[in-house]
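Written out below as structure tokens is the structure these notes cover.
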Ligand code: NAP
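Here it is, written out as structure tokens:
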């Protein structure tokens, strides 16, 4: 049993990112905590760290640099320190505000609850943000993958994922079933497990606010509120109502509802205004396939957003290339959307593109947009040259298959 506790040794040569009036104040040498993660995590995070540092160095000619600070979580932390998420790791993520992570293992069924969920809840990273766009050359099942260019803002702290659930036959489940029968006249089978689905006004509004702000600042055309409100009226239906309310009350000049566009503008939105519309979740899945280019920014509750973001990622080439950000009011933790793919652990084989593009998101979040653009372009160029890892090589004709670390070197050469 390990006895040593993890204590953070912060780098001696960087500075903290500060939060001033709710905004980030980023020094030229920010300390950025990095969790390598489990399985293929160390391979992809090392590749990404190399590529991100090189992009910053080249873009700003050495004037700026990231001071990486390794913090343990997951299996490594368990093995060395006897804890999956050492308190000092959480403290570091809080203290240094912005971080990068690799994937972490979550066993299905028993054992511990998802570390990712724990991190999101502890740091209140309420928006799981996923840009989904096609990189030319990446094999896709679609005829026109280039039509996809969306950003999904998925609420990440409530809904049926809040973890409020009880096993069938447990005391809690029995009591709830009893209360529901007695006080509400609702009959639930005795052998049912029970889960709750809270969706609140405050948490919906802060998520939709973030999506609308992003759309305005990035000159996007629309924000679609995705919901299943026709069936779940007081949770998903309320999500839709509160979403429209935020737009109406807080962004009256910058936004216009689709219904108003149809009524007052003959279907053509006034120039410069972000159109707010809503789409029922199951329809959204087919719309993304059939009318891909009509969608831009999406705001979704937790569960539907989870399904939708993986389905959207599949349309542009799948998990190996899709990044995500867990973002709160100021704190943020960027990661690839894929998991730990344990069978490839330590083989220097898998695709680090998703982790590198998570780095692009992080650079943009720091306000280092030029470095982010340079890195994204270098990734595009490398894939355009058909220098790819096994996953893309097996689907591409004439590809040069390289290892994970070799791919990162190719990206660095293309900066
Ligand atoms: P996974 O780790 O994403 O792997 C599924 C398959 O996707 C792999 O076998 C591989 O396909 C492909 N793949 C994933 N990442 C790739 C990459 N970088 N390059 C190339 N191919 C890649 O999904 P999983 O097996 O369902 O999950 C494993 C563990 O990861 C679970 O414990 C899960 O809970 C966890 N997980 C963590 C996160 C996170 O930390 N955010 C997210 C998702 C899952 P081929 O076999 O076809 O080559």
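In my numbering, the protein residues as written are 376 to 790.
Note that CB positions come from ideal geometry on N, CA and C, so glycine has one too.
- [ ] Enumerate in chain order the residues of its own chain whose CB-to-CB distance from residue 493 is below 7 Å, with the five nearest sequence positions on each side excluded.
- [x] 460
Task: Spatial distance of residue 734 from residue 613 (CA atoms) - done: 35 Å
Open item on the list: I need the DSSP call for residue 632, collapsed to helix, strand or coil.
Closed with: strand
Task: Contact between the stretch 680 to 688 and the stretch 431 to 451 (3+ Cβ pairs under 8 Å) - done: no
Task: Opening and closing residue of the alpha helix (DSSP H) in which residue 600 lies - done: From DSSP, residue 600 is part of no alpha helix (DSSP H) but of the beta strand (DSSP E) over 597 to 602.
- [ ] Below 8 Å on the Cβ atoms is my guess for residue 405 versus residue 427; work out the distance and round it to an integer in Å.
- [x] Contact flag wrong, Cβ pair sits at about 12 Å.
Task: Distance, residue 456 Cα to residue 722 Cα - done: For the pair residue 722 and residue 456, the Cα-to-Cα distance works out to about 25 Å.
Open item on the list: Which same chain residues end up closer than 8 Å to residue 689 when comparing Cβ atoms and leaving out the 5 residues on each side of it in sequence?
Closed with: Closer than 8 Å at the Cβ level, and outside the excluded window around residue 689, lie 516.
TODO: Report buried or exposed for residue 393, applying the criterion of at least 16 other Cβ atoms within 10 angstroms of its Cβ.
DONE: exposed
- [ ] Can you tell me which of the three DSSP states residue 617 falls into?
- [x] helix
TODO: Measure from the alpha carbon of residue 771 to the alpha carbon of each residue in 533, 607, 511, 730, then state which is nearest.
DONE: 511
Open item on the list: Is residue 516 a contact residue of the ligand NAP, with contact defined as CB to any heavy atom under 6 Å?
Closed with: no
- [ ] Please report the Cβ distance between residue 622 and residue 651, rounded to the nearest whole angstrom; I am assuming they are in contact, meaning their Cβ atoms lie under 8 Å.
- [x] 4 Å
TODO: Measure the beta-carbon distance from residue 757 to residue 789 and round it to whole angstroms, keeping in mind my assumption that it falls under 8 Å.
DONE: 5 Å
TODO: Give me the Cα-Cα distance between residue 571 and residue 552, rounded to the nearest whole angstrom.
DONE: Each residue's Cα considered, the two are about 13 Å apart.
- [ ] Say yes only if the C-beta of residue 408 is nearer than 6 Å to one or more non-hydrogen atoms of the ligand NAP, and no if none qualify.
- [x] Checking the Cβ of residue 408 against the ligand NAP gives no.
Open item on the list: Between which residues of its own chain and residue 467 is the CB-CB distance below 6 Å, once the five residues before and five after are set aside?
Closed with: 383, 408, 446, listed in sequence order.
Task: Extent of the continuous alpha helix (DSSP H) run through residue 684 - done: 677 to 690
Task: Beta-carbon proximity of residue 649 to residue 590, cut-off 7 Å - done: Closer than 7 Å, so yes.
TODO: Give every residue of the same chain whose Cβ lies closer than 7 Å to the Cβ of residue 497, excluding the five residues on either side of it in the sequence, and list them in chain order.
DONE: Here the set comprises 465.
Open item on the list: I'd like to confirm the pairing. Which residues does DSSP put opposite residue 707 in its beta bridges?
Closed with: 473, 702
Task: residue 330, buried or exposed, once every other Cβ within 10 Å from all chains shown has been counted against 16 - done: With the chain covering only 376 through 790, there is no way to say anything about residue 330.
Task: Assigned secondary structure, residue 626 (DSSP; H/G/I helix, E/B strand, else coil) - done: coil
Open item on the list: Let me check understanding here. Comparing Cα to Cα, which of 641, 574, 431, 548 lies closest to residue 562?
Closed with: 548
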